[in-house]
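J.: One structure, as structure tokens, below. Some questions next.
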Amino acid sequence: MLIIYIILFVIDVCVTIGDFALTILNKKHMESRFRKVYGKNHLSLTYQIQENMKTMQIIFPLSIAHSITFLIFLTSTTCVRQFLQKAVDPVSYLALIELCNSVVAIYTCIIPLIFFKLRKKLKPSATRIVQSGSAQTQEYFEILNKMYSKT
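Read left to right, the sequence shown gives residues 13 to 163 (the numbering used here).
This is the structure:
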């Protein structure tokens with residue numbers, strides 16, 4: 013059972029490292045987009061990079077939280093199973109195992125809260141462009157002049 017936990021933890025750490033690498037790669041692409049000319053697909057590529065960065069800003073903290081929680085769970089469960097199984101009575105051993113399992117329950121309750129907070133933080137705010145009154149007046153008179161000059 014310990015081998016399975018270790019393999020899963022190694023996979024989890026590799027995924028977290030991959031998320032970090034993608035975050036760095038997206039930042040480099042975003043910084044270099046002003047120095048390179050991409051041709052026809054420049055706007056779509058820029059949009060894709062921005063969306064990738066937004067997604068990674070949500071996924072990366074969740075991935076780190078998952079890795080830390082899994083490490084805590086793995087360490088506590090392994091310590092209880094390896095060192096305390098024969099040292100304490102069966103009732104206390106079972107209580108300790110359930111205490112270790114409660115880490116997963118707490119994680120399951122907290123992660124959606126973190127996700128919604130990150131999502132709300134990264135939600136784009138609406139921008140409204142308001143023209144000044146003088147610009148609108150100038151545009152109105154230009155159109156009016158064009159209409160009168162045609163007749």
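Built from N, CA and C at the ideal position, the CB exists for glycine as well.
Predicted, not measured: the structure shown is a model, and the values here were computed from it.
#1: What are the start and end residues of the alpha helix (DSSP H) that includes A107?
#2: Could you pull out every residue in the same chain whose Cβ sits closer than 8 Å to the Cβ of L134, ignoring the five residues on either side in sequence?
#3: Quick check: I123 and L74, are their CB atoms within less than 8 Å of each other?
#4: How far does the alpha helix (DSSP H) with L96 in it extend, from its first residue to its last?
#5: Counting along the chain, where does the alpha helix (DSSP H) carrying M42 start and finish?
#6: Within 8 Å, do at least three Cβ pairs link the stretch 94 to 107 to the stretch 21 to 38?
#7: Residues in its own chain within less than 7 Å of H41 by CB, not counting five upstream and five downstream?
#8: Report all residues from its chain with a CB closer than 8 Å to the CB of L108; omit the five preceding and five following residues, and keep chain order.
#9: Could you name the residues of the same chain whose beta carbon sits closer than 8 Å to that of T90, not counting the 5 residues immediately before and after it, in chain order?
#10: Taking E43 as the reference, which of F128, T58 and G30 has the closest Cα?
#11: Taking the CB atoms as reference points, tell me whether Y119 and T81 lie closer together than 8 Å.
#12: With a 10 Å radius around its C-beta and 16 neighbouring C-beta atoms as the bar for buried, classify R38 as buried or exposed.
T.: Taking the coordinates as given:
#1: P102 to L134
#2: K66, Q69 and I70
#3: yes
#4: Note, L96: premise wrong, no alpha helix (DSSP H); not H, not E.
#5: L14 to S44
#6: no
#7: I61
#8: V92, L96 and V100
#9: L14 and Y17
#10: T58
#11: yes
#12: According to the sequence displayed, residue 38 carries Asn and not Arg. So N38 ends up on the buried side.
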